[in-house]
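Q: Pasting a structure below so you can have a look.
Number of protein chains: 4
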Amino acid sequence: MEEIGFLGLGIMGKAMSMNLLSHGFKVTVWNRTLSRCDELVKHGATVGETPAAVIKKCKYTIAMLSDPAAALSVVFEKDGVLEQIGSGKNYIDMSTVDAETSSKISEAITSKGGYFLEAPVSGSKKPAEDGQLVILAAGEKALYDAALPVFDVLGKKSFFLGQVGNGAKMKLVVNMTMGSMMNAFSEGIVLADKSGLNPQTLLDVLDLGAIANPMFKMKGPFMIQGSYPPAFPLKHQQKDMRLALALGDENSVAMPVAAASNEAFKKARSMGLGDLDFSAVHETVASSKSSS
Amino acid sequence: MEEIGFLGLGIMGKAMSMNLLSHGFKVTVWNRTLSRCDELVKHGATVGETPAAVIKKCKYTIAMLSDPAAALSVVFEKDGVLEQIGSGKNYIDMSTVDAETSSKISEAITSKGGYFLEAPVSGSKKPAEDGQLVILAAGEKALYDAALPVFDVLGKKSFFLGQVGNGAKMKLVVNMTMGSMMNAFSEGIVLADKSGLNPQTLLDVLDLGAIANPMFKMKGPFMIQGSYPPAFPLKHQQKDMRLALALGDENSVAMPVAAASNEAFKKARSMGLGDLDFSAVHETVASSKSSS
Amino acid sequence: MEEIGFLGLGIMGKAMSMNLLSHGFKVTVWNRTLSRCDELVKHGATVGETPAAVIKKCKYTIAMLSDPAAALSVVFEKDGVLEQIGSGKNYIDMSTVDAETSSKISEAITSKGGYFLEAPVSGSKKPAEDGQLVILAAGEKALYDAALPVFDVLGKKSFFLGQVGNGAKMKLVVNMTMGSMMNAFSEGIVLADKSGLNPQTLLDVLDLGAIANPMFKMKGPFMIQGSYPPAFPLKHQQKDMRLALALGDENSVAMPVAAASNEAFKKARSMGLGDLDFSAVHETVASSKSSS
Amino acid sequence: MEEIGFLGLGIMGKAMSMNLLSHGFKVTVWNRTLSRCDELVKHGATVGETPAAVIKKCKYTIAMLSDPAAALSVVFEKDGVLEQIGSGKNYIDMSTVDAETSSKISEAITSKGGYFLEAPVSGSKKPAEDGQLVILAAGEKALYDAALPVFDVLGKKSFFLGQVGNGAKMKLVVNMTMGSMMNAFSEGIVLADKSGLNPQTLLDVLDLGAIANPMFKMKGPFMIQGSYPPAFPLKHQQKDMRLALALGDENSVAMPVAAASNEAFKKARSMGLGDLDFSAVHETVASSKSSS
Numbered sequence: 022m023e024e025i026g027f028l029g030l031g032i033m034g035k036a037m038s039m040n041l042l043s044h045g046f047k048v049t050v051w052n053r054t055l056s057r058c059d060e061l062v063k064h065g066a067t068v069g070e071t072p073a074a075v076i077k078k079c080k081y082t083i084a085m086l087s088d089p090a091a092a093l094s095v096v097f098e099k100d101g102v103l104e105q106i107g108s109g110k111n112y113i114d115m116s117t118v119d120a121e122t123s124s125k126i127s128e129a130i131t132s133k134g135g136y137f138l139e140a141p142v143s144g145s146k147k148p149a150e151d152g153q154l155v156i157l158a159a160g161e162k163a164l165y166d167a168a169l170p171v172f173d174v175l176g177k178k179s180f181f182l183g184q185v186g187n188g189a190k191m192k193l194v195v196n197m198t199m200g201s202m203m204n205a206f207s208e209g210i211v212l213a214d215k216s217g218l219n220p221q222t223l224l225d226v227l228d229l230g231a232i233a234n235p236m237f238k239m240k241g242p243f244m245i246q247g248s249y250p251p252a253f254p255l256k257h258q259q260k261d262m263r264l265a266l267a268l269g270d271e272n273s274v275a276m277p278v279a280a281a282s283n284e285a286f287k288k289a290r291s292m293g294l295g296d297l298d299f300s301a302v303h304e305t306v307a308s309s310k311s312s313s
Numbered sequence: 022m023e024e025i026g027f028l029g030l031g032i033m034g035k036a037m038s039m040n041l042l043s044h045g046f047k048v049t050v051w052n053r054t055l056s057r058c059d060e061l062v063k064h065g066a067t068v069g070e071t072p073a074a075v076i077k078k079c080k081y082t083i084a085m086l087s088d089p090a091a092a093l094s095v096v097f098e099k100d101g102v103l104e105q106i107g108s109g110k111n112y113i114d115m116s117t118v119d120a121e122t123s124s125k126i127s128e129a130i131t132s133k134g135g136y137f138l139e140a141p142v143s144g145s146k147k148p149a150e151d152g153q154l155v156i157l158a159a160g161e162k163a164l165y166d167a168a169l170p171v172f173d174v175l176g177k178k179s180f181f182l183g184q185v186g187n188g189a190k191m192k193l194v195v196n197m198t199m200g201s202m203m204n205a206f207s208e209g210i211v212l213a214d215k216s217g218l219n220p221q222t223l224l225d226v227l228d229l230g231a232i233a234n235p236m237f238k239m240k241g242p243f244m245i246q247g248s249y250p251p252a253f254p255l256k257h258q259q260k261d262m263r264l265a266l267a268l269g270d271e272n273s274v275a276m277p278v279a280a281a282s283n284e285a286f287k288k289a290r291s292m293g294l295g296d297l298d299f300s301a302v303h304e305t306v307a308s309s310k311s312s313s
Numbered sequence: 022m023e024e025i026g027f028l029g030l031g032i033m034g035k036a037m038s039m040n041l042l043s044h045g046f047k048v049t050v051w052n053r054t055l056s057r058c059d060e061l062v063k064h065g066a067t068v069g070e071t072p073a074a075v076i077k078k079c080k081y082t083i084a085m086l087s088d089p090a091a092a093l094s095v096v097f098e099k100d101g102v103l104e105q106i107g108s109g110k111n112y113i114d115m116s117t118v119d120a121e122t123s124s125k126i127s128e129a130i131t132s133k134g135g136y137f138l139e140a141p142v143s144g145s146k147k148p149a150e151d152g153q154l155v156i157l158a159a160g161e162k163a164l165y166d167a168a169l170p171v172f173d174v175l176g177k178k179s180f181f182l183g184q185v186g187n188g189a190k191m192k193l194v195v196n197m198t199m200g201s202m203m204n205a206f207s208e209g210i211v212l213a214d215k216s217g218l219n220p221q222t223l224l225d226v227l228d229l230g231a232i233a234n235p236m237f238k239m240k241g242p243f244m245i246q247g248s249y250p251p252a253f254p255l256k257h258q259q260k261d262m263r264l265a266l267a268l269g270d271e272n273s274v275a276m277p278v279a280a281a282s283n284e285a286f287k288k289a290r291s292m293g294l295g296d297l298d299f300s301a302v303h304e305t306v307a308s309s310k311s312s313s
Numbered sequence: 022m023e024e025i026g027f028l029g030l031g032i033m034g035k036a037m038s039m040n041l042l043s044h045g046f047k048v049t050v051w052n053r054t055l056s057r058c059d060e061l062v063k064h065g066a067t068v069g070e071t072p073a074a075v076i077k078k079c080k081y082t083i084a085m086l087s088d089p090a091a092a093l094s095v096v097f098e099k100d101g102v103l104e105q106i107g108s109g110k111n112y113i114d115m116s117t118v119d120a121e122t123s124s125k126i127s128e129a130i131t132s133k134g135g136y137f138l139e140a141p142v143s144g145s146k147k148p149a150e151d152g153q154l155v156i157l158a159a160g161e162k163a164l165y166d167a168a169l170p171v172f173d174v175l176g177k178k179s180f181f182l183g184q185v186g187n188g189a190k191m192k193l194v195v196n197m198t199m200g201s202m203m204n205a206f207s208e209g210i211v212l213a214d215k216s217g218l219n220p221q222t223l224l225d226v227l228d229l230g231a232i233a234n235p236m237f238k239m240k241g242p243f244m245i246q247g248s249y250p251p252a253f254p255l256k257h258q259q260k261d262m263r264l265a266l267a268l269g270d271e272n273s274v275a276m277p278v279a280a281a282s283n284e285a286f287k288k289a290r291s292m293g294l295g296d297l298d299f300s301a302v303h304e305t306v307a308s309s310k311s312s313s
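Here it is, written out as structure tokens:
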């Protein structure tokens, strides 16, 4: 698997393809805005002009797109994956998409004779850079086995979860839990602050207790300062909350806390915070500071 | 500080007084149901007949009661703390109460010449047994300094937070955050299960990611089995959510996720789960399993 | 417009086509389960074998289907509307669907030369029977004008709202508001009951005040008795809440109360109440009566 | 009952005492800010210097205070009701308070030999002015009967609800329902607006349907214009939501929609809207208009 295609060079995709390059893989990259490829090229990547061109060139292609619409268009549009996929070609979609989108892509690719694996990840910018993602794979088991050397570079652990759609679903469940936790955390920080407590002391206390976790530790100090450098953009987190709630709807699972959290993320979007880190939901709780 | 009084031998108080005994402190215990003292006596404790008697005997007395009402009655009722408190006597209330209750107790004790420290803890049964609590002290700084040898036995870290009420407030903020997190976790587990994923795999995935934390790791496997052995009773967690929301109300902080979580805990109480561990809120999400 | 086709004979469609018959219109009906046509035939209706057959026969055809999927399949499937629609043919879809579904149907019909009007209604079984619906029309203005004699029979008032999609959107906004109100009402009834008040007195008090409304008056007495004869099925109300929340998502409108209400409807679905009236959401608040 | 004392001349109390004057009752008024009495004096009222003075002078005294704290202080503080209450004296508290406050006042008054009736009202400024309140009385039945001529002037209907506390509870249930409805309405208006619909058309549609009610009709047009002249101040509505939720807490009733609504009112308070009409909660949904 020395020659790998890589479609999509956003925050995540760039970090991941860099890791592949630095571990000796030959990588052919493509991005809708081609200039995003430049830095990769400096580190040894080749550029493919279109998704189809990348598929044609590489036996294995990984995609890391920002949302279901992007994941679909890369496959189905003109010059897309479908035009070159076929027998002997392998496609691993690591984007976070809903199960339905994943199934649609899976069917299209397998009906042309290609192999498909969905492999969304848990972890954002930093773990992507450090090769410490958690990979949630589902679909073609043989392709999963073949991809393990790649997954070993990109992540610290990978799971094979069964049929196509299960990777997407697991990802949504994890991100939904994380999104609600972020809201819980934000409310705690603001309540401490407005009640006359030192929010930094709250962080210290939390870090010593049963709910200490890397996310609080990493993002808390920034949140207190009102700083939200985008590791996982809020609009993508809100998309995942929405998709997770839709999954709950299908399965008749009422999730009032996730629903409240989703509205907070929507509020944040309406405040123009969608491109900041999802921890910016903190502003929806704190935003009335000045006006109270 | 070798001689210490200890009022209240519930789950927490018992574990804490045991620790004091095993570290060589002389402890005089009292509990409303006196038979709860028996086991402590076997390990060397002396029994005080009333809170007043304990105060009379000991220069330093610690209280660990279940709720604000109990904390107040131990102080103000007949044979209560107030009858013997006075110059040279020190009272450390480690119960989780609201700031108003704490202030009321503080005023009563200091007006009689006694010294008061509130010192609620973060951590439940297991940390209490292991001497790994986090102690959130506020009030008389000199008493805090004097109590450090005791706090070193009971906890892994203590904070001095300033004026009386701040310990109570910090505790509420921590428990509110924890309560919302527990709801986020429960919704995640149920969504995984109903969507055809293995909930145990969800636990494995969560434990590798940015939101991995001891509470998920410790309680998750029990929750999946529908087992909720009470470490921190749900009715007490709900009380803390209620008090935290009231604190937010005072300070004009809207906290929609905590509010939704509080309603879930109330729902759990209405289902008769108040005496189980607070992780039993999982049942409010999962309970329709059989009827869907 | 004496000859009218009518597709879909559910609770609503049956009542509406009966009204048309009793006002002297010639009506050709079709329903997926054809036996549902029998009663209409007794009152003078003709049966069309397929949607296509109805379109072929009638210059004007009205559809009243249960959900977007049904509305789409009647148009696009074999023997569907599209096979016979064309110049001089008019199609009025009165189903409650999302704007996207309505647009898809509109485009298909107008591209074949037909005229399209969406005209979802506000009001359920009783207003449908009494010809007291409120009709929210959008699309082809000329068709709206031509349809006024029909709308005068079916409803007490009709609005022309502009471009296709606006009728669907208005309907969702109304139903979302209604769904949240039903939850507010249910919570009030249960709180009264559990607090030792007579719920019937609550109904009397409400009916005298600023929030008195026909829905409370009509459904309240049934709800108190735990009786929910389906006028507007809960699963359809929940679908509308979901679609309204999705519309809010598109437009960055956070709606925490609608979101909480939607989760209550989902909970009701998970309790097996989806086919009862949407007032059965009352059971999600009251259901712990026996176990408290 | 020609001579009546009246304590508290806020929006409500002023309108009510004016009605009593215009119907021929002799009224002795008191207000904490005595200058508020001036206009009443112009219409024939006498001024009492203190609550105690009013009680001393009048056999029947009505109180209409803004919140539980005010209701308590008028009774218990220096120069308060208790100093002159006794055998043959009657006290009717029409303030909206929690049941606990009402019980405390009741016990104090009856223990001195006075008669007590709680009689909170449903309806705000306009109904108060028009003598169209709904009166929710509980306590001393004989006093209720004696007060009927007064209630006939102040309200269109009165209920006797049994033991002290039930009037307060009924009031809370009604206001909680109303508060959630106001949120449902606000969300509907904003969703319509942001989705490209005319909010005024939404009002017209709502007014024709099953959820048409005087509150929507009266407040809707003002809300669309962002105008919130205070009939029922938002901070008082939020207080009632809080008390109703506390009542639910006591009785283990989970009310997720009321809880979400309460947080919206708290958000509004934090935005500095507490003194406007409670319909100003609309701003919490709409407020991001400019920044989206």
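Chains as they are written, first to last, in the numbering used here: chain A, 22 to 313; chain B, 22 to 313; chain C, 22 to 313; chain D, 22 to 313.
Backbone N, C-alpha and C fix where the C-beta goes; we use that ideal spot for every residue, glycine too.
Keep in mind that this is a model prediction, so the values were computed, not measured.
Alpha carbon to alpha carbon, what distance is there between F237 of chain C and A233 of chain D?
A: The alpha-carbon atoms of A233 of chain D and F237 of chain C are separated by roughly 10 Å.
Q: What does the Cβ neighbour count give for D296 of chain A, buried or exposed, with the cut at 16 atoms within 10 Å?
A: Looking at its Cβ environment, which holds fewer than 16 other Cβ atoms inside 10 Å, D296 of chain A is exposed.
Q: Which value, in whole angstroms, describes the spacing of the CA atoms of K310 of chain A and V278 of chain A?
A: For K310 of chain A, the pLDDT reaches just 41, beneath the cut-off of 50, and the residue's location in the model is therefore unreliable, although a value from the coordinates is still provided. Cα to Cα, the separation comes out at about 24 Å.
Q: Quick one: what does DSSP say G165 of chain D is sitting in, helix, strand or coil?
A: In the sequence on display, residue 165 of chain D carries Tyr and not Gly. Correct three-state label for Y165 of chain D: helix.
Q: How is E111 of chain D classed by DSSP in three states: helix, strand or coil?
A: At residue 111 of chain D the sequence reads Asn, which differs from the Glu that was named. N111 of chain D: strand per DSSP, three-state reduction.
Q: Hey, how far is the Cα of G293 of chain B from the Cα of V302 of chain B?
A: So the two alpha carbons sit approximately 11 Å from each other.
Q: With a threshold of 8 Å between beta carbons, is L203 of chain A in contact with chain C?
A: At residue 203 of chain A the sequence reads Met, which differs from the Leu that was named. Not one chain C Cβ lies under 8 Å of M203 of chain A.
Q: Taking DSSP as the reference, what is the three-state secondary structure of G176 of chain C?
A: Looking at G176 of chain C - three-state DSSP - the assignment turns out to be strand.
Q: Alpha carbon to alpha carbon, how far is L138 of chain B from M33 of chain B?
A: Distance between the alpha carbons of L138 of chain B and M33 of chain B: 18 Å.
Q: What is the DSSP secondary structure of D296 of chain D, reduced to helix, strand or coil?
A: The answer is coil: DSSP assigns D296 of chain D none of H, G, I, E or B.
Q: Check G34 of chain B in the structure and name its three-state DSSP category.
A: Note: G34 of chain B maps to helix in three-state DSSP.
Q: Determine whether the Cβ of A163 of chain D lies closer than 8 Å to any Cβ atom of chain A.
A: Answer no: the Cβ-Cβ gap between A163 of chain D and chain A never drops below 8 Å.
Q: Answer with yes or no whether the minimum CB distance from N283 of chain D to chain B is below 8 Å.
A: Chain B, which has a Cβ nearer than 8 Å to the Cβ of N283 of chain D, makes this yes.
Q: Using only alpha-carbon positions, find the residue among D:V118, D:K63, D:G135, D:S145 that is nearest to A158 of chain D.
A: It is D:V118.
Q: Starting from K47 of chain A, trace the beta strand (DSSP E) in both directions and tell me its first and last residue.
A: First-last of the beta strand (DSSP E) with K47 of chain A: 47 to 51.
Q: Just the chain D side, please: which residues come within less than 8 Å of T222 of chain C by C-beta, in chain order?
A: Within 8 Å Cβ-Cβ: F180, L182, M191.
Q: Counting along the chain, where does the beta strand (DSSP E) carrying V155 of chain A start and finish?
A: Unbroken beta strand (DSSP E) run through V155 of chain A: 154 to 160.
Q: Any Cβ of chain C within less than 8 Å of the Cβ of P254 of chain B?
A: Not one chain C Cβ lies under 8 Å of P254 of chain B.
Q: Consult DSSP for G26 of chain D and reduce its assignment to one of helix, strand or coil.
A: Looking at G26 of chain D - three-state DSSP - the assignment turns out to be strand.
Q: With respect to the beta strand (DSSP E) encompassing T82 of chain D, which residues constitute its N-terminal and C-terminal limits?
A: Residues 81 to 84.
Q: Identify, in the order they occur along the chain, each residue of the same chain with its Cβ nearer than 7 Å to the Cβ of S108 of chain A, setting aside the five sequence neighbours on each side.
A: Here the set comprises G134.
Q: Give the residues from the segment 134 to 161 of chain A that approach chain B closer than 8 Å (Cβ to any Cβ), ordered along the chain.
A: The residues in question are S143, G144, S145, P148, V155, L157.
Q: Quick check on L138 of chain C: does DSSP put it in helix, strand or coil?
A: In the structure shown, L138 of chain C sits in a strand (DSSP, three-state: E or B).
Q: Assuming V226 of chain D and S143 of chain C are in contact, meaning their beta carbons sit under 8 Å apart, how far apart are those beta carbons, in whole angstroms?
A: Their Cβ separation, rounded to whole angstroms, is 6 Å, which keeps V226 of chain D and S143 of chain C in contact under 8 Å.
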